[in-house]
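A.B. asks: Here you go, one structure.
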Amino acid sequence: MKPELFRIPLFDAWGWLIGPWRVASYDVLALLAAVLGVVWIILVGRKRGFQAEQLLDLLVLTGIFGLLGSRLLFALMQAPEYWNACFHPELPNMLYGYRPVGESDCLAFFTFWRGGMAWYGAPLTATLVAWIYTRRKKLDFLEFADIGVPAIALGHAVSRLGCLMAGCCFGAPTEMGWGLRFPSGSQAYMHHLRHDWLPGDGWTIPLHPTQLIESAGEFVIFLVLVRLLLKRRFKGQVWLTYFIAYSLLRLVAESFRGAPLAGYLVTWTQTFTVEGRVMQTITGLSCMHLLSLVVLLFAVWGYRRLGY
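Numbers given in the working numbering equal positions in the sequence shown, counted from 1, plus 1.
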């Protein structure tokens, strides 16, 4: 875990004091993911008949609205935390690393630099915006969707590494050998402090590497989609395959998550032993499980409708 990649110290530029700036690892990897996605869509899109201007318009619109959709879905799932940030700043708040806010912050929704995104909001909103744009411009939506989703998978694979560096989206406790431990000050550490799970050495107990599970899974999905794009049987096949594959991946990864975005719909108690300590936690089926299942069913329905 390395939330801060490096710092740019305060410096004087022709009489203007600039800095200091904190360069976050997540921001750098998210920027890299965006650049890779843009390069992919421009290169492949031009070969498949789209003009550069059309592609740039689509990239700007889907990028902006995708980010807003991701933020809005996160805010809906964390509505109680945003409410407490405004009206009960004395309470521990997940948005602030499970610490009290201190002073009332009713504009927390707009503080994008603190993070807080729900991934499904991005591709679903981007899909809707792309559909509206292509209909208005009389372009082939399914062709663009097939071109765009490999970029989404590749970008997500890279950005999930940013989650690992930032210490967010952490997994549940595990006794398996692949467990990761996070240091004091991380979101996982503060979460475990509330549950009295800390072993006392300044680190968390071992956790499932959910960030790496999703990153590796998305990279495999990207490779599958690239191959499928060359051999697809119908337009929209690549697009729908992405949503089918990612929904299945998320159903698995979500089962290993340590702190679901919006809590559980169905819960049960799980007993586990880590480093000789017997502990209990509440686990179950989360809102993301339900959303993944809904997306999966719609994608399978669309696949059958377009493909047969």
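Backbone N, C-alpha and C fix where the C-beta goes; we use that ideal spot for every residue, glycine too. Keep in mind the model is a prediction, meaning the values are calculated, not measured.
1. Using beta-carbon positions only, say whether A1 and F220 come within less than 8 Å of one another.
2. Considering Cα atoms alone, identify which of D28, A246 and I65 is closest to Y304.
3. Is the segment 140-149 in contact with the segment 81-90, if contact means three or more CB pairs nearer than 8 Å?
4. What is the DSSP secondary structure of T284, reduced to helix, strand or coil?
5. Pairing CB atoms from the segment 194-210 with CB atoms from the segment 171-178, are three or more of them under 8 Å?
6. Under 8 Å, Cβ to Cβ, is there at least one residue of chain C near I214?
7. Does the beta-carbon distance from S248 to V296 come in below 8 Å?
8. Below 8 Å on the Cβ atoms is my contact criterion, and I expect G237 with L143 to pass it. Report the Cβ-Cβ distance as a whole number of Å.
9. Measuring alpha carbon to alpha carbon, tell me which residue in W240, S293 and W41 is nearest L129.
10. Can you tell me whether Q238 is helix, strand or coil according to DSSP?
11. Are the CB atoms of A131 and I42 within a distance shorter than 8 Å?
12. For the 8 Å Cβ check, are there 3 or more pairs between the segment 95-115 and the segment 183-202?
13. Do you know offhand how far L37's Cα is from L56's?
14. Let me check one thing: in DSSP terms, what residues is V279 bridge-paired to?
15. Shortest alpha-carbon distance to R137 belongs to which of L59, S216 and P93?
16. Which residues does DSSP pair with G172 in a beta bridge?
17. Taking the alpha carbon of E91 as the reference point, which residue from F75, L229 and G103 has its own alpha carbon closest?
18. Which term fits I65, buried or exposed, when burial requires 16 or more other beta carbons within 10 angstroms of its beta carbon?
19. Could you check which residue in R195, G156, I283 and T135 has the C-alpha nearest to that of N94?
20. Between C164, A167, L181 and F51, which has its C-alpha nearest K1's C-alpha?
21. Anyone know if the C-beta pair for L250 and G218 falls short of 8 Å?
22. Pick from L73, C164 and D106: whose alpha carbon is nearest that of E215?
23. Starting from the C-beta of A300, find all residues in its chain whose C-beta is less than 6 Å away, skip the five residues before and the five after it, and write them out in chain order.
24. Classify T270 as buried or exposed, calling it buried when 16 or more other Cβ atoms lie within 10 Å of its own Cβ.
25. Going along the chain, which residues of its own chain have a beta-carbon closer than 7 Å to the beta-carbon of T274, five neighbours each way excluded?
26. Does L181 come out as helix, strand or coil in the three-state DSSP assignment?
27. Starting from F66, follow the alpha helix (DSSP H) in both directions and report where the run begins and ends.
28. Between G156, P81 and L73, which has its C-alpha nearest M118's C-alpha?
29. Per DSSP, what are the beta-bridge partners of R23 in this structure?
30. Could you pull out every residue in the same chain whose Cβ sits closer than 7 Å to the Cβ of R234, ignoring the five residues on either side in sequence?
31. Near I222, which residues of its chain fall below 6 Å by C-beta distance, leaving aside the five closest residues on each side in sequence?
C.D. replies: This is what the structure holds:
1. Since the first and last residues shown for the chain are 2 and 309, residue 1 lies out of range.
2. Along the sequence shown, one-based indexing puts residue 304 at 303. For the set D28, A246 and I65, the Cα lying nearest the Cα of Y304 is the one of A246.
3. no
4. By 1-based counting over the sequence shown, the position of residue 284 is 283. Note: T284 maps to strand in three-state DSSP.
5. Taking 8 Å as the limit for Cβ pairs, the verdict is that the segment 171-178 does touch the segment 194-210.
6. Going by chain labels, chain C is absent from the structure shown, which holds only one protein chain.
7. In the sequence shown, the residue the question calls residue 248 occupies position 247. In the sequence shown, the residue the question calls residue 296 occupies position 295. In contact: S248 and V296 (Cβ atoms closer than 8 Å).
8. Position 236 of the sequence shown, counted from the start, is the residue given in the question as residue 237. Position 142 of the sequence shown, counted from the start, is the residue given in the question as residue 143. The Cβ separation is near 4 Å, so the contact holds.
9. As a first step, residue 129 must be located in the sequence shown, where it is residue number 128. Of W240, S293 and W41, the residue nearest in Cα terms is W240.
10. The residue given as residue 238 occupies position 237 in the sequence shown. In the structure shown, Q238 sits in a helix (DSSP, three-state: H, G or I).
11. Counting from one through the sequence shown, the residue named residue 42 turns up at place 41. Counting from one through the sequence shown, the residue named residue 131 turns up at place 130. No. Outside cutoff.
12. The segment 95-115, when compared against the segment 183-202, does touch it at the 8 Å Cβ threshold.
13. By 1-based counting over the sequence shown, the position of residue 37 is 36. By 1-based counting over the sequence shown, the position of residue 56 is 55. Each residue's alpha carbon lies about 15 Å from the other.
14. Here residue 279 is taken as the residue at index 278 of the sequence shown, counted from 1. Answer by DSSP bridge pairing, in chain order: T274.
15. Sequence index remark: in the sequence shown, residue 137 carries index 136 (1-based). With distances taken between Cα atoms, R137 lies closest to L59.
16. Along the sequence shown, one-based indexing puts residue 172 at 171. Paired residues: R258.
17. Taking the sequence shown and counting its residues from 1, one reaches residue 91 at position 90. Considering only alpha carbons, the answer is G103.
18. As a first step, residue 65 must be located in the sequence shown, where it is residue number 64. Exposed: under 16 other Cβ atoms inside 10 Å.
19. Along the sequence shown, one-based indexing puts residue 94 at 93. Checked all of R195, G156, I283 and T135; the closest Cα to N94 is R195.
20. The question about residue 1 has no answer here: the residues shown for the chain are numbered 2 through 309.
21. As a first step, residue 250 is located in the sequence shown; it is residue number 249 there, counting from the start. As a first step, residue 218 is located in the sequence shown; it is residue number 217 there, counting from the start. It is a contact, given that the beta carbons lie within the stated cut-off.
22. Residue mapping note: residue 215 aligns to position 214 of the sequence shown, counting from 1. Closest option to E215, Cα to Cα, is C164.
23. Against the sequence shown, residue 300 aligns to sequence position 299. The residues are L241, F244 and I245.
24. For the purposes of this step, residue 270 is taken as residue 269 along the sequence shown, with counting starting at 1. T270 should be labelled exposed.
25. Taking the first residue of the sequence shown as position 1, residue 274 is located at position 273. Around T274: E176.
26. Position 180 of the sequence shown, counted from the first residue, corresponds to residue 181. It is a strand residue.
27. Locating residue 66 in the sequence shown gives position 65, where the first residue counts as 1. Secondary structure note for F66: its alpha helix (DSSP H) is the uninterrupted segment A53 to M78.
28. In the sequence shown, residue 118 corresponds to position 117, counting from 1. Per the Cα distances, L73.
29. Reading the sequence shown from its first residue, position 22 is the one you call residue 23. Per DSSP, R8.
30. The residue given as residue 234 occupies position 233 in the sequence shown. So the list reads G308, once near-sequence residues are dropped.
31. Numbered from 1 along the sequence shown, position 221 holds the residue referred to as residue 222. Taken in chain order, the residues that qualify are A154 and A246.
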